[in-house]
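Chains as they are written, first to last, in the working numbering: chain Z, 461 to 869; chain Y, 80 to 306. Ideal placement from N, C-alpha and C gives every residue a C-beta, glycine not left out. The structure under discussion appears below in the form of structure tokens.
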Amino acid sequence: MNIGQSIIEALETLNGNKLRSGLTILGIVIGVGAVIAMLAIGQGAQDTITGAISGIGTNLLFVSSGNQVQDVRNPKPLTMSDAQAITDPFAAPDVMAIAPIIQGSGDVTSGGQTMRVSVTGTTPEYFIMQNYSLIEGDFLTQDNLQGNASAAVIGPGIADKLFSRRNGVVGETIRINGQPFHIVGLLESKGGGAFGSQDDQVIVPFTTAQTRLIHRSVLNEVDVLYVQAVSAKAVPQATDEVKQILRQRHRTPVGVDDFTVFSQADFLTIATTVTGVFTIFLGGIAGISLLVGGIGIMNIMLVSVTERTREIGLRKALGARKRDILIQFLIESSMLSLIGGMIGILLGWFLGFIVGKIAAASGNPFNPAISLNAILLATLFSAAVGLFFGIYPANRAAGLEPVEALRYE
Amino acid sequence: MAKEWVILAEDLMKVYQMGEVDVRALAGVSVRIERGEVVSIMGPSGSGKSTLMNILGCLDLPTSGKYILDGEAVETLNDDQLADIRNRKVGFIFQSFNLLSRTTALNNVELPLRYSGKVPNRRERARIALESVGLGDRTLHRPTELSGGQQQRVAIARALVNDPAIIMADEPTGNLDSKVGKEILDLLLALNRDKGTTLIIVTHDPAIAAQTQRIIHLRDGLIEEKK
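Shown next as structure tokens:
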């Protein structure tokens with residue numbers, strides 16, 4: 461019996477019991493749909509997160525105090541003088557610019573409205589490194605920095621909340637932790653990034669921040685040092701240079717640093733690992749529903765074999781070999797799972813699309829990505845489920861004795 | 080002229096295990112049937128006639144004894160070879176027709192050919208077989224759209240389609256009223272007359288048996304032959 465004909469016959473048989481076939485297929489549809497949707501959402505999340513990290517700039521290094529791998533006794537804090545040492549073009553030729561960061565939170569008040577925001581004290585280089593653009597006004601200037609100026613650049617989220625508008629905000633006065641600041645610039649929206657919304661932040665000169673807003677025990681202490689390498693290629697050399705300078709300045713024994721240099725590539729690796737695990741986890745849960753769908757196939761095929769015992773006996777009387785019966789039932793179960801798989805891919809794509817829309821509507825644009833791999837995986841897996849769960853019933857059918865089967869009522 | 084034996088069975092025994100007891104369904108039956116003969120097998124229920132038919136039709140193997148069907152020694156064959164013998168040499172007609180209700184008469188008749196490997200013109204052969212039982216205009220009807228007599232004709236066409244050496248009919252008129260039953264029997268006898276098909280009819284109806292050339296009476300797994 462040739463395969464094409466067997467497939468047609470299997471479809472006729474399944475068509476003869478539409479409701480039952482439909483429900484069995486539904487089990488697979490839900491299973492495959494869930495797997496596809498979950499993989500797509502996981503992939504979409506990964507794309508968004510890695511995109512956000514890449515948006516930081518590919519040639520950035522982050523230096524912070526302390527060692528996250530090994531224990532170090534009394535790590536020395538990073539200071540402005542460390543920062544200045546790194547700018548030395550002879551000691552660190554691959555470093556283009558640095559921006560020291562001091563970070564805290566504060567209450568911003570204007571016109572009776574109060575808002576809790578993150579406050580960043582930094583230098584003008586920060587704006588270039590972060591690729592910020594302005595709706596109006598200017599970034600902080602070198603003068604602001606040297607003059608300890610009460611100048612602030614604010615994110616659009618703050619403008620929305622405090623002033624309910626995004627124009628003519630520059631020149632207004634706000635109070636940060638009760639102290640008056642001039643708004644000199646309004647940032648363009650960057651949306652929610654991997655590190656929380658950047659739209660709800662206030663950026664002030666480093667000097668102003670450390671004297672008036674964020675107090676640290678050590679003078680000129682820096683929380684994080686942003687270092688920009690001359691190019692993405694120069695990141696490893698820049699990392700080495702920064703480490704060398706800091707080891708010298710902190711007088712740390714060879715091998716144990718009391719600081720950590722992190723590159724954007726490191727972030728990417730971690731984020732990819734995390735989202736990868738997340739995707740596998742989601743896919744695994746969805747896979748369970750596919751397994752349940754497979755058991756549904758097995759169940760219905762067993763019923764079908766019992767119901768059609770006489771038919772099997774007849775076919776054997778007419779000359780069907782064991783193999784013919786086996787193939788017939790395997791094709792039926794694979795058809796169930798294959799049809800279910802195809803509809804499931806559509807369903808999964810649709811679910812992913814809906815989730816993407818919901819995410820976009822709630823302000824976190826993210827595109828669920830259905831990869832060809834996911835489709836192939838789901839198709840193969842569902843066909844395998846059909847075959848695997850079809851084998852037992854089909855074997856049972858093939859093993860029936862023709863005499864017994866014909867006598868079956 | 081030398082006789083040509085289609086069925087040569089020597090001392091067939093069939094023993095079933097029913098719990099602790101061995102039941103001898105056939106206790107040494109020898110049957111010889113010539114090509115072109117019409118033979119009926121009669122006997123009360125439990126006499127072993129179904130068992131004999133199953134063995135002669137290669138659906139089952141005897142516990143012991145020799146059986147040669149159309150030149151092939153059946154008792155040495157494995158499952159697949161038996162399936163092949165059933166396919167090529169035996170045509171079955173059942174009391175309850177046993178047609179596939181999901182599909183057309185033509186597909187039902189074609190079914191044995193599908194299990195025969197590569198057969199050219201399957202459709203055409205199935206159509207010719209249906210025409211030969213007078214159902215040339217019903218090829219695309221499903222069994223549920225046909226009367227009992229018509230269904231049994233489809234089953235006869237299915238039995239004929241592979242030109243088997245023997246046709247085994249198990250109570251072929253048992254589910255039909257007497258008028259239709261007679262038509263079916265006449266059709267079978269006509270096939271024997273026109274094509275020389277060897278016919279074995281299992282029945283308990285003496286009127287049917289009377290129309291065959293020879294009657295094999297079975298009782299308690301043994302033959303009481305009356306010519």
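Opening and closing residue of the beta strand (DSSP E) in which residue i lies
i, result
"Arg298 of chain Y", "293 to 298"
"Ala104 of chain Y", "100 to 113"
"Leu696 of chain Z", "A small correction: the amino acid at residue 696 of chain Z is Pro; Leu does not occupy that position in the sequence shown. Note, Pro696 of chain Z: premise wrong, no beta strand (DSSP E); alpha helix (DSSP H) at 695 to 710."
"Phe641 of chain Z", "639 to 647"
"Gln503 of chain Z", "Not the beta strand (DSSP E): Gln503 of chain Z falls in the alpha helix (DSSP H), residues 478 to 515."
"Thr733 of chain Z", "Looking at the DSSP string, Thr733 of chain Z is not in any beta strand (DSSP E); the run it does join, the alpha helix (DSSP H), is 724 to 767."
Supposed contact pair residue j and residue i - C-beta distance, whole angstroms, cut 8 Å
i, j, result
"Gly747 of chain Z", "Ser794 of chain Z", "That belief does not hold up - the Cβ atoms of Gly747 of chain Z and Ser794 of chain Z are roughly 19 Å apart, past 8 Å."
"Gly779 of chain Z", "Pro191 of chain Y", "6 Å"
"Glu472 of chain Z", "Thr182 of chain Y", "6 Å"
"Ile803 of chain Z", "Ile485 of chain Z", "7 Å"
"Leu185 of chain Y", "Arg206 of chain Y", "7 Å"
"Asn608 of chain Z", "Thr668 of chain Z", "5 Å"
"Arg709 of chain Z", "Ala545 of chain Z", "6 Å"
"Leu91 of chain Y", "Ile134 of chain Y", "6 Å"
"Ala725 of chain Z", "Val664 of chain Z", "Their Cβ separation, rounded to whole angstroms, is 30 Å, which puts Ala725 of chain Z and Val664 of chain Z out of contact at 8 Å."
"Leu301 of chain Y", "Ala106 of chain Y", "5 Å"
"Met498 of chain Z", "Gly743 of chain Z", "5 Å"
"Ser180 of chain Y", "Thr223 of chain Y", "6 Å"
"Gln292 of chain Y", "Val118 of chain Y", "7 Å"
"Val695 of chain Z", "Leu521 of chain Z", "7 Å"
Exposed unless 16 or more other CB atoms sit within 10 angstroms - verdict on residue i
i, result
"Arg775 of chain Z", "buried"
"Ile730 of chain Z", "exposed"
"Ala698 of chain Z", "buried"
"Ile805 of chain Z", "buried"
"Gln231 of chain Y", "buried"
"Tyr586 of chain Z", "buried"
"Tyr194 of chain Y", "buried"
"Glu99 of chain Y", "exposed"
"Asn177 of chain Y", "buried"
"Asn157 of chain Y", "exposed"
"Pro862 of chain Z", "buried"
Under the three-state DSSP convention, the category residue i falls into
i, result
"Leu156 of chain Y", "coil"
"Leu521 of chain Z", "strand"
"Phe176 of chain Y", "coil"
"Glu203 of chain Y", "helix"
"Asp542 of chain Z", "helix"
"Arg576 of chain Z", "strand"
"Ile674 of chain Z", "coil"
"Ala654 of chain Z", "Interpretation of Ala654 of chain Z is limited by its pLDDT of 43, a score under 50 that renders its predicted location unreliable; no figure is taken from the coordinates."
"Pro549 of chain Z", "coil"
"Lys93 of chain Y", "strand"
"Gln230 of chain Y", "helix"
"Arg775 of chain Z", "helix"
"Thr601 of chain Z", "coil"
"Arg781 of chain Z", "coil"
"Ala611 of chain Z", "strand"
"Val682 of chain Z", "strand"
"Leu225 of chain Y", "coil"
"Asp567 of chain Z", "strand"
Which listed residue (the options) has its alpha carbon closest to that of residue i
i, options, result
"Ala559 of chain Z", "Z:Ala545, Z:Gln573, Z:Thr583, Z:Gly566", "Z:Thr583"
"Leu837 of chain Z", "Z:Phe587, Z:Gln724, Z:Ile496, Z:Glu771", "Z:Ile496"
"Pro825 of chain Z", "Z:Gly511, Z:Val492, Z:Val644, Z:Glu585", "Z:Gly511"
"Gln290 of chain Y", "Y:Ala104, Y:Ile120, Y:Ser109, Y:Gln96", "Y:Ile120"
"Gly754 of chain Z", "Z:Phe727, Z:Phe841, Z:Ala857, Z:Ser723", "Z:Phe841"
"Met540 of chain Z", "Z:Ser524, Z:Gln528, Z:Val532", "Z:Ser524"
"Val188 of chain Y", "Y:Ala236, Y:Glu99, Y:Pro141", "Y:Ala236"
"Ser831 of chain Z", "Z:Ile488, Z:Ala500, Z:Leu796, Z:Thr518", "Z:Ala500"
"Ser481 of chain Z", "Z:Gly800, Z:Asp620, Z:Met556", "Z:Gly800"
"Thr792 of chain Z", "Z:Ala820, Z:Arg635, Z:Pro853", "It should be noted that the sequence gives Glu, not Thr, for residue 792 of chain Z. It is Z:Pro853."
"Asn115 of chain Y", "Y:Leu219, Y:Gly136, Y:Ile246", "Sequence inspection shows Gly at residue 115 of chain Y; the Asn mentioned does not correspond to that position. The option with the nearest alpha carbon to Gly115 of chain Y is Y:Ile246."
"Gln661 of chain Z", "Z:Phe550, Z:Gln670, Z:Ile636", "Z:Ile636"
"Asn527 of chain Z", "Z:Val716, Z:Arg626, Z:Asn680, Z:Glu701", "Z:Val716"
"Asp256 of chain Y", "Y:Asp101, Y:Gln174, Y:Ile112", "Y:Gln174"
Boundaries of the alpha helix (DSSP H) in which residue i is found, first to last residue
i, result
"Asp244 of chain Y", "What sits at residue 244 of chain Y in the sequence shown is Ala, not Asp. Taken as a continuous stretch (DSSP letters only), Ala244 of chain Y belongs to no alpha helix (DSSP H), as it is neither H nor E."
"Ile830 of chain Z", "Where Ile830 of chain Z is concerned, there is no enclosing alpha helix (DSSP H), given that its DSSP letter is neither H nor E."
"Leu142 of chain Y", "The question names Leu, but residue 142 of chain Y in the sequence shown is Thr. Premise fails: Thr142 of chain Y is in no alpha helix (DSSP H) and is neither H nor E."
"Tyr194 of chain Y", "That residue, Tyr194 of chain Y, is in no alpha helix (DSSP H); it is neither H nor E in DSSP."
"Tyr586 of chain Z", "585 to 589"
"Gln530 of chain Z", "Premise fails: Gln530 of chain Z is in no alpha helix (DSSP H) and is neither H nor E."
"Pro862 of chain Z", "862 to 867"
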